[in-house]
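Protein chains: 2
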Amino acid sequence: MIRWDADHESTAETPDLAALAALLADRTRAAICIALLDGGTWTAGELAEYAGVAPSTATEHLNLLVAGGLLAEERRGRRRHLRLAGPDTAETLENLAGLAPYRRVRIRSLAEANHRRALHHARTCYDHIAGALGVALAEAMTERGLLVRENGVELTGAGAAWLAALGIPHGGHSPAHRAHVRTCLDWTSRRRHLSGAVGAALYRHALEQRWIIKAPAGRILAVTEAGRAAFQRELGLPAEVLAPAPAAPPAPDRTDITPRRPG
Amino acid sequence: MIRWDADHESTAETPDLAALAALLADRTRAAICIALLDGGTWTAGELAEYAGVAPSTATEHLNLLVAGGLLAEERRGRRRHLRLAGPDTAETLENLAGLAPYRRVRIRSLAEANHRRALHHARTCYDHIAGALGVALAEAMTERGLLVRENGVELTGAGAAWLAALGIPHGGHSPAHRAHVRTCLDWTSRRRHLSGAVGAALYRHALEQRWIIKAPAGRILAVTEAGRAAFQRELGLPAEVLAPAPAAPPAPDRTDITPRRPG
DNA sequence: ATTACACTTCGGTGAGCGCCGAATCGTCCG
DNA sequence: CGGACGATTCGGCGCTCACCGAAGTGTAAT
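Here the protein sequences line up with chains H and L, keeping their order. Once you know that position 227 of the first sequence is 226 in numbering that gives the first Met the number 0, the rest is easy, because the numbers rise by one and skip nothing. Once you know that position 104 of the second sequence is 103 in numbering that gives the first Met the number 0, the rest is easy, because the numbers rise by one and skip nothing.
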């Protein structure tokens, strides 16, 4: 990594942590990244509206985020489609959010309150389940001896058998071939939910079996009647995490952060 | 998480990713955090000198970092001792550094060049081994079937046996009790080295057996003669990662970043 | 006591950057 | 072809904040 140039000056390369952090140090850019943590693809205009800034401002932010390697883009016609660069990015963002301090925000409308409630209840976190439901899943699996947590997390033999019985492929069929489990710190509850390959497989299976359904736009999940039965039967999840969101049904709007300008 | 206040205004709490990132978005504060990634404890004055700023400036930065929960402090007499808040913090910082873009820096002295070379060769990363040596260890273990990497990393049965034969406690003695392995992205090589409980146990064992020794101040490691023999015997590590740093021995100075003021 | 030292507080300065609106570019649709 | 629309560029405004030095506080050493 150390190079001597022709003029006998030497330079080296150092990872520029401050430059990367500066990308996330702005509220608008952070909101954009958190929005994209749903694992989906948003257009520039959607992100601008979500973040509550003018389209021109959003363009500048998106340029920076793409140039910095946090976001990937795809241009289709006059649209610009954005998503997170990859799983590594998503995971680091989640961990960072779990370490971040809380900030009080004002709730401006009933729709926003409902949306937020739904987010806390169950949502996607890139490729797995987060929110109260995600945390409850991880904790129930631990209580039933399917997971072991001590200085990390591991799937037990019983856990592997449980997944296999449910028909969830988890890639851990031999001692030399163990399933990849991780946890990530849930922003809303500060407790851990399941991620890694097992977390992703569980999410895909739950979607396929229609235990949960995903709101058309956004990252909100709802537990179906079949899901309530399955989660209760398989893991004995308590009723409160299986109940639908207490107020109105999850709204598909994207007013997740408080805009700094009143319209 | 949603509360209705007495005056019927509602607020909620959201993790403030931008606030946390802002702490790391400054070069000086980032340098301080990276310095503390050696897992040790530094005084405020040492950090000020390392970062190349006045003591008063360092005080302000340290106040922010402690208030933000990234650093822990201990006041002893007129000194202020700083360290990273915990393993979670260290791990997230490492991952972030692995995602960060590179920045060219000038090398100002031979001592600095040697120091940097030594850092690239072998260093601590909080509680495990990083640098070329750390990456080589992880890769050799994978080649020999002690680790399996696919969408994560896991210790194989052979890997558990290998650790046991070496007398390295790794806490994975039953199927319900598996060893905790992780990898983290090495800043210098962009490849992965071993962390998690197994990475930490390996590091502790190598120190105890004097396969490696730690420079008094800083995070530089040197491979001993015994270490060369052991790493070659146990894992067939190539000579180049076992050789001592090619130039002068690792200097204990802390000129790791380029100061912005020549004073 | 006196001196030395580690750290802190405070005031002032300068640079960086996030924001918008207006104008423009390019694509899609009627 | 013309109008609508999504995205971009640019100029200018205002705020935030990292920096230093000088003075101050409290602890340790003589």
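Just so you know, even glycine gets a beta-carbon here, dropped at the ideal spot from N, CA and C. This structure is a prediction, so every number in the text was calculated from the model and none was measured.
C-beta contact flag for residue i and residue j at 7 Å
{"i": "A84 (chain L)", "j": "G68 (chain L)", "result": "yes"}
{"i": "A50 (chain L)", "j": "T27 (chain L)", "result": "yes"}
{"i": "L36 (chain L)", "j": "Y125 (chain L)", "result": "yes"}
{"i": "A20 (chain H)", "j": "A20 (chain L)", "result": "yes"}
{"i": "H127 (chain L)", "j": "S194 (chain L)", "result": "yes"}
{"i": "W41 (chain H)", "j": "L70 (chain H)", "result": "no"}
{"i": "R103 (chain H)", "j": "E12 (chain L)", "result": "yes"}
{"i": "H179 (chain H)", "j": "G156 (chain L)", "result": "no"}
{"i": "I106 (chain L)", "j": "A112 (chain L)", "result": "yes"}
Cβ distance (whole Å) where residue i is taken to contact residue j below 8 Å
{"i": "V197 (chain H)", "j": "L154 (chain H)", "result": "6 Å"}
{"i": "I167 (chain H)", "j": "A135 (chain H)", "result": "Actually they are not in contact, since the Cβ atoms of I167 (chain H) and A135 (chain H) sit about 18 Å apart, beyond 8 Å."}
{"i": "G130 (chain H)", "j": "L118 (chain H)", "result": "7 Å"}
{"i": "R209 (chain H)", "j": "A225 (chain H)", "result": "6 Å"}
{"i": "T123 (chain L)", "j": "G38 (chain L)", "result": "6 Å"}
{"i": "N94 (chain L)", "j": "C183 (chain L)", "result": "6 Å"}
{"i": "L64 (chain H)", "j": "L16 (chain L)", "result": "About 13 Å; that fails the 8 Å criterion."}
{"i": "A160 (chain L)", "j": "H169 (chain L)", "result": "11 Å between Cβ atoms; not a contact."}
Test: residue i CB closer than 7 Å to a CB of chain L
{"i": "R103 (chain H)", "result": "yes"}
{"i": "Y23 (chain H)", "result": "A quick correction: the sequence has Leu, not Tyr, at residue 23 (chain H). So, interface residue."}
{"i": "A47 (chain H)", "result": "no"}
{"i": "P54 (chain H)", "result": "no"}
{"i": "A36 (chain H)", "result": "The residue you asked about is not Ala; residue 36 (chain H) is Leu in the sequence shown. Chain L contact via Cβ: absent."}
{"i": "L145 (chain H)", "result": "no"}
{"i": "I211 (chain H)", "result": "no"}
{"i": "P14 (chain H)", "result": "yes"}
{"i": "P168 (chain H)", "result": "no"}
{"i": "W186 (chain H)", "result": "yes"}
{"i": "N94 (chain H)", "result": "yes"}
{"i": "A110 (chain H)", "result": "no"}
{"i": "A129 (chain H)", "result": "no"}
{"i": "L136 (chain H)", "result": "no"}
{"i": "G85 (chain H)", "result": "no"}
{"i": "G133 (chain H)", "result": "no"}
{"i": "L19 (chain H)", "result": "yes"}
{"i": "T123 (chain H)", "result": "no"}
{"i": "L98 (chain H)", "result": "yes"}
{"i": "R203 (chain H)", "result": "no"}
{"i": "R191 (chain H)", "result": "no"}
Any C-beta of chain H under 7 Å from that of residue i
{"i": "T10 (chain L)", "result": "yes"}
{"i": "H179 (chain L)", "result": "yes"}
{"i": "G51 (chain L)", "result": "no"}
{"i": "T91 (chain L)", "result": "yes"}
{"i": "D126 (chain L)", "result": "no"}
{"i": "G198 (chain L)", "result": "no"}
{"i": "G44 (chain L)", "result": "no"}
{"i": "G217 (chain L)", "result": "no"}
{"i": "A263 (chain L)", "result": "In the structure as shown, chain L starts at 0 and stops at 262, and residue 263 (chain L) therefore has no counterpart that could be examined."}
{"i": "G235 (chain L)", "result": "no"}
{"i": "R74 (chain L)", "result": "no"}
{"i": "G226 (chain L)", "result": "no"}
{"i": "R26 (chain L)", "result": "yes"}
Per-residue burial, residue i [other beta carbons within 10 Å of its own, 16 or more giving buried]
{"i": "T56 (chain L)", "result": "exposed"}
{"i": "P14 (chain H)", "result": "buried"}
{"i": "L46 (chain H)", "result": "buried"}
{"i": "L92 (chain L)", "result": "buried"}
{"i": "G76 (chain H)", "result": "exposed"}
{"i": "A30 (chain L)", "result": "buried"}
{"i": "H172 (chain L)", "result": "Its pLDDT being 49, under 50, H172 (chain L) is placed unreliably by the model, and nothing is read from it."}
{"i": "G144 (chain H)", "result": "exposed"}
Close beta carbons around residue i, own chain, < 6 Å, minus the five adjacent residues each side
{"i": "A242 (chain H)", "result": "none"}
{"i": "V222 (chain H)", "result": "I211, L241"}
{"i": "A229 (chain L)", "result": "W210"}
{"i": "L132 (chain L)", "result": "A121, V240"}
{"i": "A18 (chain L)", "result": "none"}
{"i": "A205 (chain H)", "result": "I211"}
{"i": "L162 (chain H)", "result": "H169"}
Cβ shell of residue i (< 7 Å), same chain only, five flanking positions each side left out
{"i": "Q231 (chain L)", "result": "L241"}
{"i": "W186 (chain H)", "result": "A96, G97"}
{"i": "E73 (chain L)", "result": "H80"}
{"i": "R227 (chain H)", "result": "L241"}
Beta-carbon proximity list for residue i, same chain, < 8 Å, skipping 5 on both sides
{"i": "P237 (chain H)", "result": "A135"}
{"i": "E138 (chain H)", "result": "R190"}
{"i": "D25 (chain L)", "result": "H60"}
{"i": "P86 (chain H)", "result": "Y125, D126"}
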